[in-house]
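*Asks:* Protein chains in written order, with my numbering: chain U, -1 to 141; chain X, -1 to 141. Cβ coordinates follow ideal geometry from the N, Cα and C atoms, glycine included.
1. With residue 68(U) as the anchor, note down where its beta strand (DSSP E) starts and where it stops.
2. Between the Cα of residue 66(U) and those of 101(U), 2(U), 82(U), 52(U), spot the shortest distance and give me the residue it belongs to.
3. Evaluate the contact criterion for the segment 114 to 126 of chain U versus the segment 82 to 96 of chain X: three or more CB pairs, one atom per stretch, below 8 Å.
4. Less than 7 Å between C-beta atoms, sequence neighbours within five positions excluded: which residues of the same chain meet that for residue 30(U)?
5. Grab the span of the beta strand (DSSP E) containing residue 218(U) for me, first residue to last.
6. Return the first residue and the last residue of the alpha helix (DSSP H) that residue 11(U) is part of.
7. Measure the alpha-carbon distance for residue 140(X) versus residue 74(U) and round it to whole angstroms.
8. Along chain X, which residues have their Cβ under 8 Å away from the Cβ of residue 81(U)?
9. Anyone know if the C-beta pair for residue 104(U) and residue 16(U) falls short of 8 Å?
10. Measure the CB-CB distance between residue 2(U) and residue 77(U) and report whether it falls below 8 Å.
11. Any C-beta of chain U sitting closer than 8 Å to the C-beta of residue 72(X)?
12. Just list the residues that DSSP pairs residue 119(U) with in beta bridges.
13. Using CA coordinates, which residue listed in 61(X), 5(X), 11(X), 101(X) is at the minimum distance from residue 68(X)?
14. Suppose you measure from the CA of residue 123(X) to the CA of residue 25(U); what does that come to, to the nearest Å?
15. With distances taken from CA atoms, which of 125(X), 62(X), 79(X) is nearest residue 21(X)?
16. Which residues of chain X have a Cβ atom closer than 7 Å to the Cβ of residue 14(U), listed in chain order?
17. Would residue 1(X) count as contacting chain U if we go by Cβ distances under 8 Å?
18. Check whether the Cβ of residue 26(X) lies closer than 8 Å to any Cβ atom in chain U.
19. Could you compute how far the alpha carbon of residue 80(X) sits from the alpha carbon of residue 43(X)?
20. With a cut-off of 8 Å, does the C-beta of residue 85(U) fall near any C-beta of chain X?
21. In this structure, does DSSP put residue 15(X) in helix, strand or coil?
22. Taking 8 Å as the CB-CB cut-off, is residue 66(U) touching chain X?
23. What number of angstroms, rounded off, separates the C-alpha of residue 4(X) from the C-alpha of residue 93(X)?
24. Beta-carbon separation of residue 32(X) and residue 71(X) under 8 Å?
25. Taking only three categories from DSSP, how would you classify residue 130(X)?
26. Could you please give me the residues that DSSP links to residue 0(X) through a beta bridge?
27. Under a three-way DSSP split, which group does residue 57(X) fall into?
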């Protein structure tokens, strides 16, 4: 298992479009799958209005709500692959033009009402890659 | 988008072996990918000792720590697929025989030290399935 540095984590995050936003709802841990893009070192996600994520779209506190964001590409059989977790403040994108540009890039999900765009500033970035274990030398087999 | 009932959520969860456990660490939202199995209506996961999940293996409080567990199978392009989120208390499996049986079924991850087995009792089970939108009739094309 190899720990990944911040730059590699963000690079890997940008290679996939699906992840899970992790937040607190009614004092309980909560998680939802969403689409993302990486822009200017931030994670940008689109969330549906009125859903579990609505509290993130209009945070009661400034400077926003702390969330975690996870994406991975792990083979369920071999466990090879990578996982990245970003932790930071999520803030709604309030500029209408900017929000519209992001919304265009982040296709809405079927059956979901109109949505907000959130920007997550990654204060903490961790990740690991599970690489294949080098095959054992065959010497033992040949005596 | 179709909401799924508890039985279908647990059935879908059992069709995959990889999910993400969501918990609170130092008052911050945290998430890690793990392998799971579904047994007797509970979610059983194996976690590595000494990692971020260690606090779950020896919870300070009885009856354990509330976690969320998410698994999904979603096409990143079409968004078709499903996602299930379970919320409930996570408790270590303390019976050595039982823990060993589960550990055998939940292959350890490369490079991770010896591990604990956690059982998550799903108090809250939610899930949705995104199904394909029926194709628009071709009448318009044929005039």
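*Replies:* According to the data block:
1. 63 to 72
2. 82(U)
3. no
4. 18, 19, 50, 51
5. Missing from the structure shown is residue 218(U); chain U here goes from -1 to 141 and no further.
6. 4 to 11
7. Residue placement at residue 140(X) cannot be trusted, given a pLDDT of 42 that sits under 50; the coordinates are not used to answer.
8. 30, 31
9. no
10. no
11. yes
12. 87(U)
13. 11(X)
14. 17 Å
15. 62(X)
16. 74
17. no
18. yes
19. 20 Å
20. yes
21. coil
22. yes
23. 28 Å
24. no
25. coil
26. 127(X)
27. coil
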